[in-house]
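Its first residue numbered 1, the sequence shown is counted upward by one per residue in the UniProt record's numbering.
Positions of the beta carbon are idealized from the N, C-alpha and C atoms, including for glycine.
Structure, as structure tokens:
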Amino acid sequence: MTTAPPVPQTTRHPSPAGFPPDFVWGAATASYQIEGAVSDDGRTPSIWDAYAAEPGRIRNGDTGVVACDHYHRYREDVGLMRDLGLGAYRFSLAWPRILPGGGTRPNPAGLGFYDRLVDRLLEAGITPWATLYHWDLPVEIEQAGGWPDRATADRFAEYAAVAAAALGDRVHHWITLNEPWCSAFLGYGSGIHAPGRADPTDALLASHHLLLGHGRAVEAIRAHAPGSQVGITLNLYPVTPADDAPASAALAHRLDGLHNRWFLDPVFRGDYPVDLLDDLDGLLPGDWCRPGDLAEISTSLDFLGVNYYTRHNVRSSPYPGVNAAEFTHRGLSRAANGWEVDPDGLVEVLTRVSEEYTSLPIYVTENGSAWEDRVAADGSVDDPDRLGYLADHLDACARAREAGADVAGYFAWSLLDNFEWAEGYTMRFGLVHVDYASQVRTVKASGRWYAQFIAAHRDGILAP
């Protein structure tokens with residue numbers, strides 16, 4: 001590891017002293033985004049394999065067939081994590097690698113990969129954090145109805161039991177779902193994510209069955225991996241009105257309901273928000289939420305994972321008779337994908353969750369930014385914008401802690417540049433640059449700075 005560059009001009013300079021000794025420092029990835037090897041050792045297709053194969057779905061026709069080839073290069077990647085000083089690594093398990101064809105018979109070769117990965121992490125002193133579902137539903141389960149079908153919640157619980165039984169002796173931190181909002185509303189509502197369906201009723205049913213599957217998976221994990229810490233990861237955003245119009249305030253409240261409260265309320269309060277139920281009346285069948293469902297969904301957890309990237313700033317459409325949201329910008333700097341850089345929004349999310357929903361530990365399970373990285377002639381990658389984003393959001397975590405939120409850890413998104421869903425390989429979020437043609441990995445300046453920050457925290461000294 002080379003000496004880290006100094007912190008650039010950022011809004012605030014975080015100090016390692018702002019975090020307790022047991023604060024968890026990590027980075028995160030997802031199976032389809034990095035593993036590749038989509039046909040190796042018995043793995044069968046996921047909905048993302050099928051979706052990416054459809055012309056026009058993914059920018060440049062990119063797919064996850066090779067991705068970062070992590071399946072064959074995991075030893076090198078764990079070495080990078082060790083060099084960065086990570087204390088934890090959040091990864092996801094590929095459902096169709098563990099239970100091919102959406103069946104019930106475990107695949108020893110698929111489980112063997114995760115066995116080796118977990119063992120390698122532990123040998124490197126890195127704590128594994130396993131996510132059960134980061135969007136790669138087996139195609140066969142989608143063909144049987146997918147998440148809009150209630151039976152998928154049971155299939156998910158069966159999968160959770162298999163994974164926990166196989167890995168629970170070494171993996172003690174489990175996340176059931178990653179961003180169920182995206183799975184439901186992008187996958188089944190707008191269709192811009194796999195499986196590419198666009199039906200509002202399907203999206204709402206999917207959201208409920210995802211949460212039902214979450215609740216059942218929690219119990220399966222606890223049965224097969226007793227003593228484990230179990231949580232869920234939600235992508236949360238502040239939603240603020242862009243002007244003083246009452247219609248914009250009402251719209252912001254409604255979107256906050258769809259983005260945030262539709263998931264937070266059932267998980268932590270055991271009910272869906274009444275204003276949303278009234279708003280969505282007519283879209284859901286009468287038996288969509290059955291007796292006992294909400295008790296399962298609100299089963300006790302050990303932590304909450306929060307993914308945060310930006311804020312939503314909205315105003316009601318200025319056109320008469322049009323009930324639509326206009327997403328606006330606040331004049332802040334924007335990353336390559338157009339998302340505004342707003343660390344204050346992270347403070348708002350963390351403190352709101354802590355004050356309104358739960359006293360559980362909160363882990364920032366994803367936070368990062370995409371920029372147009374340039375590789376210098378000497379092979380180095382200087383990414384001051386990402387470094388500044390990272391510094392400002394770590395400071396936001398410290399400020400949220402000062403305000404009383406129990407922020408217990410931070411996982412940078414992402415360890416590696418990777419397949420960024422509908423954007424293909426055009427958006428780079430990694431602390432480590434990946435040359436997709438050669439698969440050469442290069443730690444970026446942001447990664448080196450993060451390593452120095454972690455080391456300073458562990459050594460009990462102030463960062464420069």
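Check: Close-in-space but distant-in-sequence residues of the same chain around D202 (CB under 6 Å, 5 per side omitted); Outcome: P148, Y188
Check: Residues bridged to E366 (per DSSP); Outcome: N307
Check: Proximity to A242 [Cα-Cα], best of G56, G331, V353; Outcome: G331
Check: 6 Å CB neighbourhood of T426 in its chain, flanking five on each side removed; Outcome: R59
Check: Those residues which DSSP pairs with L416 across a bridge; Outcome: V432
Check: Close Cβ partners of Y308 (< 6 Å) along its chain, the five nearest in sequence each way excluded; Outcome: L346, V349, N367
Check: Distance cut-off 7 Å: A217 Cβ against heavy atoms of the ligand COA; Outcome: The ligand COA is absent from the structure shown, which contains no ligands of any kind.
Check: Beta carbon of A30 nearer than 8 Å to that of Y71; Outcome: no
Check: Given 8 Å, three or more beta-carbon pairs between the stretch 290-299 and the stretch 210-223; Outcome: yes
Check: Beta-carbon gap between V353 and L304 smaller than 8 Å; Outcome: yes
Check: Three-state secondary structure (DSSP) of P55; Outcome: coil
Check: Spatial neighbours of A153 in its chain, beta-carbon cut-off 7 Å, leaving aside the 5 residues before and after; Outcome: H209, L212, G213, R216
Check: Alpha helix (DSSP H) segments (min. 4 residues) lying fully within the stretch 69-139; Outcome: 70-84, 95-98, 108-123
Check: Start and end residues, beta strand (DSSP E) containing E326; Outcome: 325-327
Check: Stretch-stretch touch, CB-based, cutoff 8 Å, three pairs: the stretch 101-108 with the stretch 134-148; Outcome: yes
Check: Selection from I362, F113, R290 that minimises the alpha carbon distance to L236; Outcome: I362
Check: Exposed unless 16 or more other CB atoms sit within 10 angstroms - verdict on R441; Outcome: buried
Check: Nonlocal neighbours in the same chain, by C-beta distance under 8 Å from L283, ignoring five residues either side; Outcome: P200, T201, L204
Check: At least 3 beta-carbon pairs within less than 8 Å: the stretch 395-405 vs the stretch 108-120; Outcome: no
Check: Separation of L255 from N313, as counted between CA atoms; Outcome: 10 Å
Check: For T152, the first and last residue of its enclosing alpha helix (DSSP H); Outcome: 151-167
Check: 8 Å Cβ cutoff met for S316 and A391; Outcome: no
Check: Opening and closing residue of the beta strand (DSSP E) in which A27 lies; Outcome: 24-28
Check: Nearest neighbour of R97, chosen from D83, A28, G42 [CA to CA]; Outcome: G42
Check: Pick from R261, Q229, H433 that is closest to V239, judged by C-alpha positions; Outcome: R261
Check: Candidates F91, A130, W129, V78, of which the one nearest E123 by Cα; Outcome: V78
Check: Length of the line joining the Cα atoms of V65 and I192; Outcome: 19 Å
Check: Inter-residue spacing [alpha-carbon to alpha-carbon] between F327 and H224; Outcome: 45 Å
Check: Host beta strand (DSSP E) of P241 (start-end); Outcome: 239-241
Check: Simplified DSSP assignment, three categories, for V274; Outcome: helix
Check: Burial state of D287, where buried means 16 or more other Cβ atoms lie within 10 Å; Outcome: exposed
Check: Own chain, CB closer than 8 Å to T2, minus 5 neighbours either side, in chain order; Outcome: Low confidence applies to T2: its pLDDT is 40, below 50, so where it sits in the model is not reliable, and the reading given next is rough at best. R448, listed in sequence order.
Check: Exposure of R155, with buried meaning 16 or more beta-carbon neighbours within 10 Å; Outcome: buried
Check: Cβ-Cβ separation, D383 to A445 (assumed contact under 8 Å), whole Å; Outcome: 6 Å
Check: Residue nearest to I126 in terms of C-alpha spacing, selected from H253, R170, L251; Outcome: R170
Check: Whole-angstrom distance between Q143 and Y450, CA atom to CA atom; Outcome: 43 Å
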